[in-house]
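Take the sequence shown: its position 180, counted from the start at 1, is 181 in this note's numbering, and no numbers get skipped.
Each residue gets a CB set at the ideal place from its N, CA and C atoms; glycine is no exception.
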Amino acid sequence: MIMENTLAEQHSSLPIWHAPLQGFTEQIYRNLHHRFCGGVDRYFSPFLRVERGEVRRRDLRDLQNDSTGRLTPQLLTDNAHDLEILLQAVTHLGYHDVNLNFGCSFPLIARKGKGAGILSRPDAVRDVLSCLRDHPEISASVKMRLGWSSPQEAFSLLPLLNDSSVCEIILHPRLGCEQYKNTCDIASFARFAEECKKPLVYNGDIRNVEDIRRIHDRFPRLRAVMIGRGLLSDPLLPATWTSDTPPSEADRLSVLSRFLREMASQMQERYEGDRQALSHLQPYWDYLLPEAEKRLRKRILKARSLADYRQSVTELIQSLQNS
Ligand SMILES: Cc1cc2nc3c(=O)[nH]c(=O)nc-3n(C[C@H](O)[C@H](O)[C@H](O)COP(=O)(O)O)c2cc1C
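Right, here's the structure in full:
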C-alpha cells in the first residue's frame with residue numbers, strides 16, 4: 002500500500018514540471034495531484050490576463066489555498082501596462098515567480114498578438130521584457146512555441162531573450178499555426194538549445210518514461226521537462242519517473258482510485274448541482290487511462306448524475322484491476 006505522495010520524493014533525476022492546461026490544472030486538481038500522485042517539481046496555473054482593466058477574480062481565487070507549495074502563476078499579456086497590473090495582483094497573493102505565456106495557440110488569443118501571436122512582434126516582446134527588468138524581486142520564466150508561422154520567429158527573439166532578466170525558457174517546438182498537428186520539431190529545438198543562454202525546459206508530446214529518457218539523453222543539460230496531456234493520461238507518470246521503485250500496477254490503480262474519488266467529492270462541494278460538477282470532471286476522461294475499455298470510458302463520459310459517474314469510475318478501475 003502506498004502512502005499519499007511518498008512515491009515520488011525519493012530521488013530526482015530530471016525534474017518534471019506540470020504544464021498549465023486550462024480547464025484541467027486548476028486548484029482542486031493541482032492540490033490533489035500533489036497529495037496523491039506527487040513527483041511534480043513545479044505546477045503552473047492556467048493563464049491569467051487583464052480584462053477591462055483588471056484580473057478576473059475567479060482566476061485570482063484559483064491561486065489561493067495552494068497546498069502544493071510549488072505553484073507558479075502564468076500570465077498572458079503583450080504589454081508592460083497589463084503586466085504591471087498582473088504582477089501587482091499576484092505579488093499581493095504572495096507569488097514572486099511568474100511564467101509568461103508566449104505560446105498559446107488559440108486563434109482568438111493569437112490573432113490579438115498574444116500567446117504565440119506575440120512571437121512575430123519583437124517590439125511587444127521587448128516591452129514586456131523591459132517591464133520585468135523593473136521588477137528584480139520577480140523571477141520570471143517564458144513558455145513559448147517556435148513561432149506562429151515560422152521557427153525563424155523564435156531565433157529572431159533569442160538575442161532579446163538572452164539579454165533579458167528571464168530565468169528559464171520552456172520551449173514547445175511546434176508553431177502556433179500547427180496547434181497540435183505534426184510532430185515536434187526536434188531539430189529546431191536542438192538549434193535553439195545551442196543558441197540559448199538561459200536554462201531550457203523541453204515541452205511536447207511526452208507520454209511515458211521512455212519519452213522522458215529519450216529527451217534527457219538527447220538534451221542532457223535540460224533544466225526539466227514539462228508535461229501536459231501525458232500527465233492527464235497517466236497522473237502517476239512523474240512518480241514512476243522519480244521513484245527508485247516504480248509503483249506496481251495494483252498500487253497505481255489504488256492511488257488513482259482514491260485521487261479520483263476525492264476529486265469528485267471536492268468538485269461536488271465546490272459546484273452547485275451534479276451537472277456543474279460533472280462538466281468539470283468528465284473532460285479528464287478524454288485523456289485519463291487510455292488503456293481502459295472504450296465502453297466503460299463512454300459510460301463515464303455520458304453519466305448524468307454524480308452517483309452514476311462514481312459507479313462507472315469504480316467499474317472501470319475494477320476492470321483494469323482484474324485484467
Ligand atoms: C486543453 C489545453 C489547455 C491548455 N492551456 C494552456 C494554458 O493555459 N497555458 C499554456 O501555456 N499552455 C496551455 N496549453 C498548452 C500546454 O501547456 C502544453 O504546452 C501543450 O499541451 C504541449 O505539451 P504536451 O504535449 O505535454 O501536452 C494547453 C493545452 C491544452 C491541450
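CA-to-CA distance, residue j to residue i, given in whole angstroms
i: E10; j: D124; result: Note that E10 scores a pLDDT of 43, beneath 50, so its modelled location is shaky; the value from the coordinates is reported in the next line. Their Cα atoms are separated by approximately 43 angstroms.
i: Q180; j: K144; result: 15 angstroms
i: V56; j: D98; result: 17 angstroms
i: A155; j: L72; result: 26 angstroms
i: G177; j: N323; result: 42 angstroms
i: K199; j: L238; result: 27 angstroms
i: R271; j: G229; result: 24 angstroms
i: Q269; j: R58; result: 21 angstroms
i: R219; j: A191; result: 9 angstroms
i: P284; j: S244; result: 29 angstroms
i: L223; j: L94; result: 30 angstroms
i: F37; j: D63; result: 19 angstroms
i: I29; j: M227; result: 20 angstroms
i: L302; j: S106; result: 26 angstroms
i: I187; j: I213; result: 14 angstroms
Residue i classed as buried or exposed, judged by whether at least 16 other C-beta atoms fall within 10 angstroms
i: S189; result: buried
i: R348; result: A query on residue 348 cannot be resolved here, the shown segment of the chain reaching from 2 to 324 and no further.
i: H281; result: buried
i: N102; result: buried
i: N204; result: buried
i: G54; result: exposed
Endpoints, the alpha helix (DSSP H) within which residue i is located
i: V167; result: Note, V167: premise wrong, no alpha helix (DSSP H); not H, not E.
i: T241; result: 238-243
i: I213; result: 210-219
i: D128; result: 123-134
i: R43; result: First-last for R43: 43-49, but that is the beta strand (DSSP E), not the alpha helix (DSSP H).
N- and C-terminal bounds of the beta strand (DSSP E) containing residue i
i: K144; result: 140-148
Could you tell me whether the segment 294-309 touches the segment 274-285, where touching means 3 or more Cβ pairs closer than 8 angstroms?
When C-beta atoms of the segment 294-309 are compared with those of the segment 274-285, three or more pairs fall below 8 angstroms, so the two segments count as touching.
Listed in chain order, which residues are found with a beta carbon closer than 6 angstroms to a heavy atom of ligand 1?
Having a Cβ closer than 6 angstroms to some heavy atom of ligand 1 are A20, P21, L22, Q23, G24, P47, F48, Q75, N102, G104, C105, K144, H173, N204, G205, D206, I207, I228, G229, R230, G231.
Would you be able to state if there are at least three C-beta pairs under 8 angstroms between the segment 252-267 and the segment 14-23?
Because the criterion of three Cβ pairs below 8 angstroms is not met, the segment 14-23 and the segment 252-267 do not touch.
Three or more C-beta pairs under 8 angstroms: does that hold for the segment 83-102 against the segment 134-141?
Touching, per the Cβ criterion.
Cβ contact (3+ pairs, closer than 8 angstroms) linking the segment 280-295 and the segment 63-77:
Segments in contact, no.
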